[in-house]
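Following: one structure in structure tokens, then a few remarks.
There are 2 protein chains.
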Amino acid sequence: MEFITGIKKKDTSEISDILVNGLSGTVKINGFIHTIRDMGEVAFVVLRKREGLVQCVYEEGVTGCQLKELKEGMTVEAEGFLHEEERAPQGFEVRLSKITILTSPKEGSMMPLPISKWKMKTSLETKLAYRPVALRNIRERAIFKIQEGIVRGFRDFLYSQSFTEIRTPKIVAGNAEGGANVFKLEYFGSKAFLAQSPQFYKQTMVGVYDRVFEAAPVFRAEKHNTTRHLNEYTSLDFEMGYISGFEDIMAMEMEMLRYVFALLKEKYAKELLLLEIKLPDMSKIPTVRFDEAKQLVAEKYSRKIKNPYDLEPEEEVLIGKYFKEEFGSDFVFVTHYPSKKRPFYAMDDPTDTKFTLSFDLLFKGMEITTGGQRIHDYEAQVAKMMARGMNPDEFTNFLMIHKHGMPPHGGLGIGLERLTMKLLDEQNVRETTLFPRDLSRLEP
Amino acid sequence: MEFITGIKKKDTSEISDILVNGLSGTVKINGFIHTIRDMGEVAFVVLRKREGLVQCVYEEGVTGCQLKELKEGMTVEAEGFLHEEERAPQGFEVRLSKITILTSPKEGSMMPLPISKWKMKTSLETKLAYRPVALRNIRERAIFKIQEGIVRGFRDFLYSQSFTEIRTPKIVAGNAEGGANVFKLEYFGSKAFLAQSPQFYKQTMVGVYDRVFEAAPVFRAEKHNTTRHLNEYTSLDFEMGYISGFEDIMAMEMEMLRYVFALLKEKYAKELLLLEIKLPDMSKIPTVRFDEAKQLVAEKYSRKIKNPYDLEPEEEVLIGKYFKEEFGSDFVFVTHYPSKKRPFYAMDDPTDTKFTLSFDLLFKGMEITTGGQRIHDYEAQVAKMMARGMNPDEFTNFLMIHKHGMPPHGGLGIGLERLTMKLLDEQNVRETTLFPRDLSRLEP
């Protein structure tokens with residue numbers, strides 16, 4: 000009988016192994032052939048590895064293969080001598096003694112995009128059409144390492160604050176956010192929907208674990224074709240019990256972001272540098288009431304208030320501008336949104352029930368978070384449903400938690416792709432989405 | 000202007016704070032009233048907190064409130080004196096001076112389940128119908144802490160092995176696993192599906208990062224109503240390039256599981272104890288060919304081979320039994336599944352193309368993982384599609400990676416709920432699913 004006992008040590012090295020072990024002696028590495036620059040006597044064969052590029056030097060008669068056998072897009076195993084070389088990507092190069100071809104691309108195929116260029120200078124449309132290969136570009140793939148770091152920081156911070164990670168269903172019978180923006184599907188003869196948010200479930204789980212979070216896809220059938228909207232995106236949700244007010248939620252978010260940026264600085268320094276990202280100052284975040292914020296920008300930027308119940312995208316931009324100019328802050332919490340525009344589970348401000356105990360977080364003039372305190376009392380929740388013409392009988396499962404007791408609680412949802420977009424100063428949320436889903440895009 | 004500067008320190012303590020700070024002096028804690036046991040002069044008011052239960056002692060005339068005002072399901076803030084008490088859940092009790100009611104359940108509501116009992120002794124049906132409150136039971140909630148630990152270990156281990164976490168779309172245009180078991184939805188006038196697996200996308204991302212993983216929901220419209228099937232579940236997927244063979248994938252999985260169990264032992268000891276979980280021995284995992292495994296159990300347990308191309312659930316049970324009896328192992332890798340029963344992207348064994356370079360991992364007689372090496376060559380992939388009567392033109396986006404070059408690669412998918420189920424020796428996968436989705440269950 001044969002057994003698997005664990006990972007066998009490979010005889011190939013990664014870039015970090017080489018940098019640790021020292022730049023001398025022989026080495027065996029594998030990777031994609033990223034580019035070949037034929038200089039006559041020698042040629043530079045640049046390998047693309049997960050940690051970066053490695054410059055290999057091919058020399059006629061020394062390297063045991065014909066240069067013309069090599070082709071971009073092949074994967075190879077290369078052996079050679081390590082040499083310090085300041086001008087090479089990692090400060091070293093490999094003078095090749097041998098190259099073994101592992102795999103080859105299709106005969107005669109041409110890359111549809113110049114992925115080995117520093118910036119591809121192609122339209123977003125083209126990049127998205129060829130996403131599977133466009134992502135092989137060094138800058139493109141760095142974007143999603145940063146995104147990984149954000150989610151990782153989100154989770155690690157919340158673990159440290161005694162939150163429990165949950166996994167809630169995406170196929171649901173009813174929808175928390177209401178409205179028509181919901182995808183429908185057939186479910187064995189029943190009508191079902193794709194979850195617009197984990198709202199009901201995360202509130203439910205506060206009754207179990209006090210503090211919970213989830214980082215998972217949500218689905219919105221919005222017919223908006225803008226630079227800010229996606230029909231499927233990743234929502235970073237947390238929900239916490241025993242709060243004294245919704246300020247506790249804002250404080251938790253702020254420290255989470257602080258932790259995320261510190262993690263990026265520590266573990267994703269290479270990508271921060273590569274993408275020229277300047278991390279925002281996180282010493283404090285100003286808070287302003289919704290109605291005051293509207294007034295402030297109307298005055299400062301001589302703008303008429305058209306819709307008193309919601310912020311227009313342009314107003315968000317101006318609020319962002321205002322707080323950047325006045326307080327040097329990339330972030331601003333806008334609080335006390337009108338009840339009219341907030342969902343039925345939002346808790347009204349007892350001092351003025353036209354407003355809710357809620358907030359949005361704007362980052363460089365764009366909403367990236369919506370949060371607030373929720374109603375915990377059964378009678379209050381039923382009353383608010385009734386006032387909105389909703390039928391509480393359709394929400395028996397949700398109301399079960401109010402019926403049997405819930406602590407004061409609240410939480411928030413963060414749009415991961417938007418947060419990444421604003422951090423990178425990108426202009427379109429599709430740039431920071433691995434495989435975006437929008438009105439016209441279902442592939443790749 | 001007001002600012003948020005960070006989390007304010009609370010004046011309430013958690014159980015771990017109390018155990019660290021010592022069992023004397025006064026303390027303020029909050030929590031759910033889990034049970035009230037009225038003994039006449041005194042009463043035990045047990046609070047349920049996220050870390051466990053806390054015994055509070057109410058004394059008539061000493062505690063500043065009326066016992067009859069208190070009710071199970073309330074959330075409260077309690078103040079009192081700490082006392083060591085061996086018989087209390089955490090080794091201490093709080094002698095109450097004051098209780099403040101934070102929130103109350105609905106007037107006159109009765110708990111539909113005895114959630115404060117150690118074992119609820121109710122049917123699975125009833126537990127699922129009242130899931131939002133059933134999960135408040137101490138044993139029930141411990142199950143999903145263990146599940147959190149599994150996912151956490153999966154991710155942390157793979158980070159340590161230079162894997163990158165990815166987020167792939169769940170609304171897709173085509174489906175990797177084929178067959179009729181797919182949920183359909185309307186997507187702005189187009190036909191779309193819910194992803195049965197992240198297969199195409201994770202292979203694609205191997206071309207970008209070499210090693211990738213995802214822990215996310217997948218959707219199967221299977222009409223099976225069994226103890227092992229769910230229509231939505233969490234798939235733990237990883238995919239890796241530059242493999243020497245599919246043995247590399249099995250080795251990676253084995254070390255991942257070893258890491259997960261070590262993490263559970265370190266950080267989830269309380270839950271392991273509570274659920275009486277015995278972690279499996281992970282020193283080695285036997286591997287056996289599919290055809291040999293079939294033969295072995297047919298002989299040992301005098302069983303006729305009915306279907307030579309697939310393992311029946313009963314055969315999986317017997318294979319599990321065999322390797323437990325013969326080698327003391329809860330796990331067994333079954334390798335070289337017939338090509339006929341594996342998907343079109345599976346690589347055939349060059350020495351016998353009736354079989355594939357693939358494997359399943361059985362845990363206590365149940366398949367919890369399917370994995371294998373994938374085809375990386377464009378012509379080979381197109382040929383296999385054609386041989387199966389598939390039209391390669393429908394897979395242009397997937398084939399883009401083969402066309403422009405892919406390293407030798409492979410990977411696997413693990414059913415999180417099944418892994419949890421077998422670890423806990425549960426008999427039904429719904430027991431280890433927070434909010435299960437099956438043929439008849441779309442709520443809660």
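So the protein lines, in turn, are chains Z and A.
So for the first sequence, this note's numbering puts the first residue at 0; every next one is plus one.
So for the second sequence, this note's numbering puts the first residue at 0; every next one is plus one.
Glycine included, C-beta positions come from ideal geometry on N, C-alpha and C.
Are the C-beta of residue i and some C-beta of chain A separated by less than 8 Å?
{"i": "residue 72 of chain Z", "result": "yes"}
{"i": "residue 134 of chain Z", "result": "yes"}
{"i": "residue 166 of chain Z", "result": "yes"}
{"i": "residue 116 of chain Z", "result": "no"}
{"i": "residue 223 of chain Z", "result": "no"}
{"i": "residue 227 of chain Z", "result": "no"}
{"i": "residue 396 of chain Z", "result": "yes"}
{"i": "residue 210 of chain Z", "result": "yes"}
{"i": "residue 97 of chain Z", "result": "no"}
{"i": "residue 346 of chain Z", "result": "no"}
{"i": "residue 407 of chain Z", "result": "yes"}
{"i": "residue 352 of chain Z", "result": "no"}
{"i": "residue 436 of chain Z", "result": "yes"}
{"i": "residue 384 of chain Z", "result": "no"}
Compare the C-beta of residue i against all C-beta atoms of chain Z and say whether one is closer than 8 Å.
{"i": "residue 152 of chain A", "result": "no"}
{"i": "residue 49 of chain A", "result": "yes"}
{"i": "residue 239 of chain A", "result": "no"}
{"i": "residue 1 of chain A", "result": "yes"}
{"i": "residue 474 of chain A", "result": "Nothing about residue 474 of chain A can be read from this structure; chain A reaches only from 0 to 443."}
{"i": "residue 207 of chain A", "result": "yes"}
{"i": "residue 52 of chain A", "result": "no"}
{"i": "residue 60 of chain A", "result": "no"}
{"i": "residue 161 of chain A", "result": "yes"}
{"i": "residue 414 of chain A", "result": "no"}
{"i": "residue 320 of chain A", "result": "no"}
{"i": "residue 172 of chain A", "result": "yes"}
{"i": "residue 335 of chain A", "result": "no"}
{"i": "residue 529 of chain A", "result": "Examination of residue 529 of chain A is not possible in this model, given that chain A is present from 0 through 443 alone."}
{"i": "residue 364 of chain A", "result": "no"}
{"i": "residue 103 of chain A", "result": "yes"}
{"i": "residue 327 of chain A", "result": "no"}
DSSP puts residue i in a beta bridge; with which residues?
{"i": "residue 392 of chain A", "result": "The partner list for residue 392 of chain A (beta bridge, DSSP) is empty, contrary to what the question assumes."}
{"i": "residue 291 of chain A", "result": "Partner(s): none; residue 291 of chain A has no beta bridge."}
{"i": "residue 365 of chain Z", "result": "Z:362"}
{"i": "residue 52 of chain Z", "result": "Z:47"}
{"i": "residue 1 of chain Z", "result": "A:286"}
{"i": "residue 153 of chain Z", "result": "Answer is none; residue 153 of chain Z lacks a bridge partner."}
{"i": "residue 27 of chain A", "result": "A:78"}
{"i": "residue 397 of chain A", "result": "Answer is none; residue 397 of chain A lacks a bridge partner."}
Could you check whether the Cβ of residue i sits closer than 7 Å to any heavy atom belonging to the ligand SAM?
{"i": "residue 14 of chain A", "result": "This structure does not include the ligand SAM; it has no bound ligands of any sort."}
Below 8 Å on the Cβ atoms is my contact criterion, and I expect residue i with residue j to pass it. Report the Cβ-Cβ distance as a whole number of Å.
{"i": "residue 407 of chain A", "j": "residue 241 of chain A", "result": "7 Å"}
{"i": "residue 42 of chain Z", "j": "residue 35 of chain Z", "result": "6 Å"}
{"i": "residue 302 of chain Z", "j": "residue 343 of chain Z", "result": "That belief does not hold up - the Cβ atoms of residue 302 of chain Z and residue 343 of chain Z are roughly 31 Å apart, past 8 Å."}
{"i": "residue 29 of chain Z", "j": "residue 74 of chain Z", "result": "7 Å"}
{"i": "residue 422 of chain A", "j": "residue 369 of chain A", "result": "The pair is not a contact, with the Cβ atoms about 18 Å apart (cut-off 8 Å)."}
Report the start-end ranges of each beta strand (DSSP E) in the segment 159-222 of chain Z that is 3 residues or longer and not cut off at the edges. Fully enclosed beta strand (DSSP E) runs of no fewer than 3 residues occupy 183-186, 189-193, 210-218 of the segment 159-222 of chain Z, in order along the chain.
Any chance you could list the beta strand (DSSP E) runs of at least 3 consecutive residues sitting entirely within the segment 57-106 of chain Z, in chain order? The DSSP assignment places 74-83, 91-102 as complete runs of the beta strand (DSSP E) inside the segment 57-106 of chain Z, in order along the chain (cut-off: 3 residues).
Curious, which full-length alpha helix (DSSP H) runs of at least 4 residues does the segment 217-269 of chain Z contain? Every unbroken stretch of the alpha helix (DSSP H) spanning 4 or more residues and falling wholly within the segment 217-269 of chain Z is given here in chain order: 246-266.
Ignoring anything shorter than 3 residues, give me the beta strand (DSSP E) runs that lie fully in the segment 317-341 of chain Z, in order along the chain. Fully enclosed beta strand (DSSP E) runs of 3 or longer: 330-334.
Using a Cβ distance threshold of 8 Å, determine whether the segment 219-236 of chain A contacts the segment 269-281 of chain A, with at least three qualifying pairs required. Too few Cβ pairs lie closer than 8 Å, so no.
Would you be able to state if there are at least three C-beta pairs under 8 Å between the segment 128-139 of chain Z and the segment 397-413 of chain A? Contact holds: three or more Cβ-Cβ distances are below 8 Å.
At least 3 beta-carbon pairs within less than 8 Å: the segment 156-164 of chain A vs the segment 248-266 of chain A: Yes, the segment 156-164 of chain A touches the segment 248-266 of chain A.
Assess, as a yes-or-no matter, whether the segment 169-186 of chain Z is touched by the segment 278-290 of chain Z under the definition of 3 or more beta carbon pairs within less than 8 Å. Output reads no: the segment 169-186 of chain Z does not touch the segment 278-290 of chain Z.
Below 8 Å, how does it come out for the segment 211-222 of chain Z and the segment 112-131 of chain Z: are there three or more Cβ pairs, yes or no? Three or more Cβ pairs closer than 8 Å define a contact, and the segment 211-222 of chain Z falls short of that threshold against the segment 112-131 of chain Z.
Quick one: any contact between the segment 308-318 of chain Z and the segment 353-371 of chain Z, if contact means 3 or more CB pairs under 8 Å? Touching, yes, given that three or more Cβ pairs across the two stretches are closer than 8 Å.
Could you say if the segment 49-68 of chain A and the segment 79-95 of chain A meet the contact criterion of at least three C-beta pairs nearer than 8 Å? With the cut-off at 8 Å, the segment 49-68 of chain A and the segment 79-95 of chain A touch.
Does the segment 320-330 of chain Z come close enough to the segment 346-353 of chain Z that 3 or more CB-CB pairs lie under 8 Å? Flag = no, the segment 346-353 of chain Z and the segment 320-330 of chain Z do not touch.
Closer than 8 Å is the cut-off here; do at least three beta carbon pairs connect the segment 159-168 of chain Z with the segment 60-73 of chain Z? Touching, no, given that fewer than three Cβ pairs across the two stretches are closer than 8 Å.
Spell out a yes or no on whether the segment 375-387 of chain Z and the segment 426-435 of chain Z are touching, meaning 3 or more CB-CB pairs, one atom from each, closer than 8 Å. The segment 375-387 of chain Z makes no contact with the segment 426-435 of chain Z, as fewer than three CB pairs between them are under 8 Å.
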